[in-house]
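What follows is a short report on a single structure.
Pasting the structure below:
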């Protein structure tokens with residue numbers, strides 16, 4: 001595939017939804033899936049994919065309700081749905097083994113997959129993708145089933161009342177992107193905006209993700225159940241964390257201890273999107289780890 005042409009867009013079916021992924025070619029090479037995080041899209045991996053496509057068959061999927069994948073008609077974006085979608089993608093592609101690089105929500109999803117199907121995952125790079133820390137989980141569990149479900153119902157109703165934010169120009173959306181992550185270069189912000197926003201019928205622009213993706217499930221697994229899946233991950237695992245991120249480091253709260261084969265690298269001058277913020281260092285660490 002000519003690198004100037006970029007990837008090809010494809011669809012697969014999961015739970016009756018048509019979900020999008022892009023394929024960077026080199027189908028005879030080992031399979032590498034790059035999974036984006038919440039309110040993001042598959043083309044945010046373009047810089048990484050361009051570097052890795054010569055040694056790997058790189059696939060970048062859009063989560064349900066994100067990018068060019070369909071939105072769930074009932075607004076269902078629970079972890080069970082996401083994990084099934086990822087498992088269905090791997091099943092559809094047909095490779096016996098996959099290497100995964102995943103960010104944020106994508107990391108939380110694929111960590112569970114790696115615990116459920118340890119024999120299918122060769123290596124795993126997780127970028128700030130373990131979900132809420134122990135303190136947040138304890139607070140949720142202290143609310144009890146009734147409290148969690150009441151919150152979920154209220155959050156769903158609030159989401160139903162929201163309309164997608166509209167920007168009069170794509171430049172305005174770009175400025176919002178820049179304000180959200182001040183580490184981004186102008187070129188990065190422009191690329192992320194071009195692929196992350198679509199035009200409305202009235203000529204305004206909106207981000208592609210469904211507002212319902214912001215609603216966390218009221219009936220997710222318990223902390224103990226999640227940790228049991230973490231302990232089942234057997235492949236070599238690399239955690240990457242930005243020191244300027246809002247996400248707590250798993251080294252400081254004990255979560256790293258649940259991964260017997262994992263090590264952690266923390267990045268100076270990097271926030272939650274460290275693969276954008278410290279791209280060169282990130283690529284070197286990933287190449288060294290993947291071999």
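In the UniProt record's numbering, the protein residues as written are 1 to 291. Note that the Cβ used here is the ideal one computed from N, Cα and C, for glycine as well.
Residue i (DSSP reduced to helix, strand or coil)
i	result
residue 114	helix
residue 77	coil
residue 248	coil
residue 242	strand
residue 35	strand
residue 275	helix
residue 5	coil
residue 309	Here the chain comprises residues numbered 1 to 291, so residue 309 is not present and cannot be evaluated.
residue 268	coil
residue 91	helix
residue 281	helix
residue 29	coil
residue 146	helix
residue 64	coil
residue 151	helix
Buried versus exposed call for residue i [16 or more other C-beta atoms within 10 Å across all chains shown]
i	result
residue 145	exposed
residue 20	buried
residue 13	exposed
residue 5	exposed
residue 7	buried
residue 108	buried
residue 135	exposed
residue 91	exposed
residue 263	exposed
residue 301	Because the chain spans 1 through 291 in this model, residue 301 falls outside it and cannot be assessed.
residue 277	buried
residue 15	exposed
residue 287	exposed
residue 1	Because the pLDDT of residue 1 is 38, which lies under 50, any placement of that residue in the model is unreliable, and the number read from its coordinates should be weighed accordingly. Residue 1 is exposed by the Cβ-count criterion.
Boundaries (first-last residue) of the alpha helix (DSSP H) holding residue i
i	result
residue 140	134-142
residue 297	The structure shown does not extend to residue 297, since the chain is modelled only from 1 to 291, so the question has no answer here.
Range covered by the beta strand (DSSP E) that runs through residue i
i	result
residue 256	Element bounds for residue 256: n/a, residue is neither H nor E.
residue 296	The structure shown does not extend to residue 296, since the chain spans only 1 to 291, so no value can be given for it.
residue 126	121-127
residue 21	17-23
residue 57	57-61
Distance cut-off 7 Å: residue i Cβ against heavy atoms of the ligand FMN
i	result
residue 62	This structure simply doesn't include the ligand FMN, nor any ligand for that matter.
Item to complete: May I have a chain-ordered list of the alpha helix (DSSP H) segments no shorter than 4 residues that lie completely inside the segment 180-236?
Response: 186-196, 223-231
Worksheet item: When the Cβ atoms of the segment 69-86 are set against those of the segment 49-60, are three or more pairs found closer than 8 Å?
Response: The answer is no - the segment 49-60 does not touch the segment 69-86, with fewer than three Cβ pairs under 8 Å.
Practice prompt. Take every Cβ of the segment 138-152, pair it with every Cβ of the segment 246-256, and state whether three or more of those distances are shorter than 8 Å.
Written response: With the rule of 3 Cβ pairs closer than 8 Å, the segment 138-152 does not count as touching the segment 246-256.
Worksheet item: With contact counted as at least three CB pairs below 8 Å, one residue from each stretch, are the segment 228-238 and the segment 54-73 in contact?
Response: no
Discussion item. Under 8 Å, with one C-beta from each stretch per pair, do the segment 156-165 and the segment 62-71 reach the 3-pair mark?
Written reply: no
Worksheet item: Can we say the segment 178-191 touches the segment 214-228, given the rule of at least three CB pairs closer than 8 Å?
Response: no
Discussion item. Going residue by residue through the segment 154-181, where are the continuous alpha helix (DSSP H) segments of at least 4 residues, counting only ones entirely within it?
Written reply: 170-180
Worksheet item: On the three-pair Cβ rule with 8 Å, is the segment 121-136 touching the segment 234-250?
Response: Result yes; three or more Cβ-Cβ pairs closer than 8 Å.
Worksheet entry | the segment 92-105 in contact with the segment 35-42 per 3-pair CB rule at 8 Å | yes
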